[in-house]
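First comes the structure, then the notes that go with it.
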Amino acid sequence: MYYYLSTLSTKDCRFLSNLICLISIVMRDIQANEIEWYLRDHFFRQFNQGIQYFKKDSLGGEMISLYLRYRNYNLQDMNDMITIVVENLICRQVIKKTENNSLELTSRFSRLQCSKCFYISYLNSNEPRNCLRCSSSELHDFPSKR
Ligand SMILES: [Zn+2]
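Each residue of the sequence shown is one higher than the one before, starting from 8 at the first, in my numbering.
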């Protein structure tokens with residue numbers, strides 16, 4: 008390994024470090040997207056139980072204890088990801104910051120399935136009714152009402 012690295016030119020090294028940087032950005036994006044999905048799922052369930060206010064600092068712990076997927080996640084990593092996701096959700100007007108530094112859901116969520124790619128999206132009524140994966144507008148309630 009050492010030998011291999013020592014044969015790399017400065018240009019190769021720069022290329023490699025840029026590549027690693029790019030990969031880590033993409034990985035973080037994928038992770039953030041996935042956490043956003045679970046966070047929307049969490050908000051959807053809480054809202055249906057009448058809970059509309061959340062503390063950002065406790066969301067990470069809630070996610071780790073609620074979802075098997077994140078059982079072994081490090082709390083600090085989770086909180087860092089939650090910070091990114093929450094900023095994005097504030098931009099999209101799904102949540103807003105209140106005066107006492109809580110987060111408030113701006114309206115209820117619909118759980119919708121895309122007719123094209125079958126992805127489940129949790130959409131707030133302030134958001135465009137488009138699939139969060141493929142942007143299709145052909146969405147129906149999930150599970151479908153009969
Ligand atoms: Zn779709």
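Idealized CB from N, CA, C, for every residue including glycine.
- In this structure, the C-beta of residue 126 approaches ligand 1 to less than 6 Å from one of its heavy atoms.
- A direct Cα-Cα distance of roughly 39 Å separates residue 48 from residue 22.
- Not one heavy atom of ligand 1 lies closer than 6 Å to the C-beta of residue 98.
- Residue 88 counts as buried, since no fewer than 16 other beta carbons sit within 10 angstroms of its beta carbon.
- Assignment of residue 111 by DSSP, reduced to helix, strand and coil, places it in the strand class.
- C-alpha of residue 64 to C-alpha of residue 86: approximately 7 Å in a straight line.
- The three-state reading of DSSP puts residue 62 in coil, since its state is none of H, G, I, E or B.
- DSSP places residue 29 within a helical segment (H, G or I) once states are collapsed to three.
- Using a cutoff of 6 Å, the CB of residue 140 counts as near ligand 1, since one of the ligand's heavy atoms is closer than that.
- Excluding residues up to 5 positions away in sequence, 71 lie with their Cβ nearer than 7 Å to the Cβ of residue 78 in the same chain.
- Residue burial is scored here from C-beta neighbours: residue 67 has at least 16 other C-beta atoms within 10 angstroms and is therefore classed as buried.
- In the three-state scheme derived from DSSP, where H, G and I count as helix and E and B as strand, residue 51 is classed as helix.
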